[in-house]
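A quick write-up on the structure given underneath.
2 protein chains.
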Amino acid sequence: MSEDDIADLERLAAHVELPTRAPLFHAGDLARFVYTVTSGTLRLQRDLSDGRRQVIGFAIPGDFIGLSLDETYRFSADALTAVSLCRFDRKDFTSLSHSRQSLLERLHLAATHELTIAQDHMVVLGRRRAEERVAAFVLRWRERLGRINGRSATVGLPMSRQDMADHLGLTIETVSRTMARWMRDRIILDVPGGIRVLDQQRLAAILPD
Amino acid sequence: MSEDDIADLERLAAHVELPTRAPLFHAGDLARFVYTVTSGTLRLQRDLSDGRRQVIGFAIPGDFIGLSLDETYRFSADALTAVSLCRFDRKDFTSLSHSRQSLLERLHLAATHELTIAQDHMVVLGRRRAEERVAAFVLRWRERLGRINGRSATVGLPMSRQDMADHLGLTIETVSRTMARWMRDRIILDVPGGIRVLDQQRLAAILPD
DNA sequence: CGACTATTTGAGCCTGATCAAGACCGGTGG
DNA sequence: CCACCGGTCTTGATCAGGCTCAAATAGTCG
Numbered sequence: 161m162s163e164d165d166i167a168d169l170e171r172l173a174a175h176v177e178l179p180t181r182a183p184l185f186h187a188g189d190l191a192r193f194v195y196t197v198t199s200g201t202l203r204l205q206r207d208l209s210d211g212r213r214q215v216i217g218f219a220i221p222g223d224f225i226g227l228s229l230d231e232t233y234r235f236s237a238d239a240l241t242a243v244s245l246c247r248f249d250r251k252d253f254t255s256l257s258h259s260r261q262s263l264l265e266r267l268h269l270a271a272t273h274e275l276t277i278a279q280d281h282m283v284v285l286g287r288r289r290a291e292e293r294v295a296a297f298v299l300r301w302r303e304r305l306g307r308i309n310g311r312s313a314t315v316g317l318p319m320s321r322q323d324m325a326d327h328l329g330l331t332i333e334t335v336s337r338t339m340a341r342w343m344r345d346r347i348i349l350d351v352p353g354g355i356r357v358l359d360q361q362r363l364a365a366i367l368p369d
Numbered sequence: 161m162s163e164d165d166i167a168d169l170e171r172l173a174a175h176v177e178l179p180t181r182a183p184l185f186h187a188g189d190l191a192r193f194v195y196t197v198t199s200g201t202l203r204l205q206r207d208l209s210d211g212r213r214q215v216i217g218f219a220i221p222g223d224f225i226g227l228s229l230d231e232t233y234r235f236s237a238d239a240l241t242a243v244s245l246c247r248f249d250r251k252d253f254t255s256l257s258h259s260r261q262s263l264l265e266r267l268h269l270a271a272t273h274e275l276t277i278a279q280d281h282m283v284v285l286g287r288r289r290a291e292e293r294v295a296a297f298v299l300r301w302r303e304r305l306g307r308i309n310g311r312s313a314t315v316g317l318p319m320s321r322q323d324m325a326d327h328l329g330l331t332i333e334t335v336s337r338t339m340a341r342w343m344r345d346r347i348i349l350d351v352p353g354g355i356r357v358l359d360q361q362r363l364a365a366i367l368p369d
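Each protein sequence line maps, in turn, to chains A and B.
Counting from 161, one number per residue, gives the positions in the first sequence under our numbering.
Counting from 161, one number per residue, gives the positions in the second sequence under our numbering.
What follows is the structure, encoded as structure tokens:
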């Protein structure tokens, strides 16, 4: 984005800080704001009335949240770690994007990227077995973090096992057992706040393309 | 869109007609074109190397296909019925969208709409039981068709049972049994090329929000 | 330390998959 | 007209991957 665009955005932006576990918004709330994540990790989820939960995804620095054009948010967003965000009033943001082509392009890029991720995840949810799902998650999460911090064998997992399970359409027990097995097999190593990938080869081999 | 925009688009557009079963493009092909559907239904899918298949979705009139910004298509597209489309060269389309704000807005709208659908479908794939998945599909498909043709109790199903199964992460047998049960229970009626919804109430009641 | 929550581990069960026939249906040609 | 064929769909019987229920263990934060 150009200097001017950034300057214009700065004027509209409000900074928001959330502590761990704090909600940013709830599904169904009036969608007044859009956000970009500056630091930390958020969980995006949809809840069914009977308690079932689908974690749509996780937002990390660089991601937009709430850019759908609905009146209300379609999912809830909660901080998994301390989080800082830039908040924009949707009305301002929309009208700025009308005058600044480059901002709209950036938004559209973000949306299609999200869409690609969502479609990839459909394959995981629809056609992958349990172990493949967990492997897909670990590999992609590592990849995503790598794009921010640089690639590392150590993969931080700020989300709970329950969050992973609800993201992958599994139960917490299945996720736990799968990762326990990998630890016994020296494919991964348990480190505080995450895991270390010891054998990328074997992990990747779990996933047929 | 404005008259001018439409005129500009017309100059770039080529018409494409596909017979039933014809492929439009294959996952991995160089993504030279974007398309909008004029008539008919297409199936969008991803294949795994071992034969498993995920049907990402179905495209009907008004939908864009291939608007992701990747070099190559991320899924294959095939005609389920005879199909007509408008084809645009991606390069032309992109540069036009740079000069015509309104086109980019339209694209962005389409992308976020697709994203919403994808996220809804994640909930279905991740957290719905078999009967709920089929119910969600029938209800949403009916809704989508209704927005084009006007609402009707008769719902055309141009896709095969296998396509439905691969869309819902189920087997053909499960889809078949589920719908057979609904027919016995007079919730739906078998009509050639589709079904007729006899009891919308009970069908909707299968799905907790 | 102690209360609470998250995670791991074990045992048994159930939903939906798999395997296997058989029915249906449209097209084709004798 | 109907026998045949290939594909799609239905139906039945059995199986198993992952879920449920239950309990022990490990973290975490006052």
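For every residue, glycine included, the Cβ atom is placed at its ideal position computed from N, Cα and C.
Cβ shell of residue i (< 8 angstroms), same chain only, five flanking positions each side left out
i: L267/B; result: F224, L227, S257
i: E231/A; result: L190, A191
i: L363/A; result: A295, V298, L299, W342, I347, I348, V357
i: G353/B; result: G316, L317, P318
i: R213/B; result: Q205, R206, D207, D326
i: E170/A; result: none
i: L229/A; result: none
Within chain B, the residues that residue i reaches when beta carbons sit closer than 8 angstroms
i: E188/A; result: This sequence places Gly at residue 188/A; Glu is not what is there. Per Cβ cutoff of 8 angstroms: no residues; G188/A is ~10 angstroms from chain B at best.
i: Q279/A; result: R206, I216, R234, F235, A278
i: L299/A; result: Neighbours of L299/A on chain B: none; closest Cβ ~15 angstroms, over 8 angstroms.
i: L184/A; result: Chain B residues near L184/A: none, gap ~17 angstroms exceeds 8 angstroms.
Partner residues on chain A for residue i, Cβ-Cβ distance less than 7 angstroms
i: H175/B; result: By Cβ distance, chain A contributes nothing, its closest Cβ being about 25 angstroms from H175/B, past 7 angstroms.
i: L229/B; result: L269, T272
i: L275/B; result: S228, A271, E274, L275, A278
Contacts that residue i makes with chain B (C-beta to C-beta distance below 7 angstroms)
i: M368/A; result: According to the sequence shown, residue 368/A is Pro rather than Met. Near P368/A (Cβ distances below 7 angstroms), the residues of chain B are L208, S209, D210.
i: V283/A; result: R206, Q214
i: G329/A; result: L285, G286, R287
Sequence-distant residues of the same chain with beta carbon closer than 7 angstroms to residue i, five excluded per side
i: D323/B; result: R203, V215
i: R260/A; result: D165, D168
i: A313/B; result: R356, V357
i: R321/B; result: I332, V335, S336
i: C246/B; result: A173, H175, Y195, T196, T198
i: R250/A; result: A191, R192, F193, V194
Nearest-angstrom Cα separation, counted from residue j out to residue i
i: A242/A; j: E177/A; result: 7 angstroms
i: A182/B; j: T196/A; result: 42 angstroms
i: M339/A; j: I348/A; result: 8 angstroms
i: Q279/B; j: A278/A; result: 7 angstroms
i: G329/A; j: L285/A; result: 6 angstroms
i: R234/B; j: T180/B; result: 22 angstroms
i: S244/B; j: E265/A; result: 29 angstroms
i: G310/A; j: W301/B; result: 43 angstroms
i: R289/A; j: A271/B; result: 29 angstroms
i: D210/A; j: A173/B; result: 48 angstroms
i: H175/A; j: P221/A; result: 14 angstroms
i: A187/A; j: L269/B; result: 20 angstroms
i: D359/B; j: E274/A; result: 36 angstroms
i: G217/B; j: T276/B; result: 13 angstroms
i: D350/B; j: Q361/B; result: 18 angstroms
i: R344/B; j: A365/B; result: 17 angstroms
i: A219/A; j: I308/B; result: 35 angstroms
i: S236/A; j: D369/B; result: 15 angstroms
i: Q281/A; j: R287/B; result: The displayed chain sequence assigns His, not Gln, to residue 281/A. Cα-Cα distance, rounded: 13 angstroms.
Distance between beta carbons of residue j and residue i, contact taken as under 8 angstroms
i: L410/A; j: A239/A; result: No answer is possible for residue 410/A: the residues shown for chain A start at 161 and end at 369.
i: L367/B; j: E292/B; result: 6 angstroms
i: F248/A; j: V194/A; result: 5 angstroms
i: S162/A; j: S262/A; result: 6 angstroms
Own chain, CB closer than 6 angstroms to residue i, minus 5 neighbours either side, in chain order
i: P318/A; result: T201, L240, T241
i: H327/A; result: V215
i: D252/A; result: L172
Contact set between residue i and chain A, taken where Cβ atoms lie within less than 8 angstroms
i: Q261/B; result: H258, Q261, L264
i: A191/B; result: The contacting residues do not exist; A191/B stays about 12 angstroms from chain A at best.
i: L169/B; result: The contacting residues do not exist; L169/B stays about 17 angstroms from chain A at best.
Exercise for the section: At 4 residues or longer, and completely inside the stretch 221-283 of chain A: list those alpha helix (DSSP H) runs for me, N to C. Expected result: DSSP runs (the alpha helix (DSSP H)) wholly in the stretch 221-283 of chain A: 250-259.
Handout entry: Sequence ranges, beta strand (DSSP E) only - wholly within the stretch 293-343 of chain B, length at least 3
Key = If we require 3 residues or more, the beta strand (DSSP E) runs fully inside the stretch 293-343 of chain B come out as 314-316.
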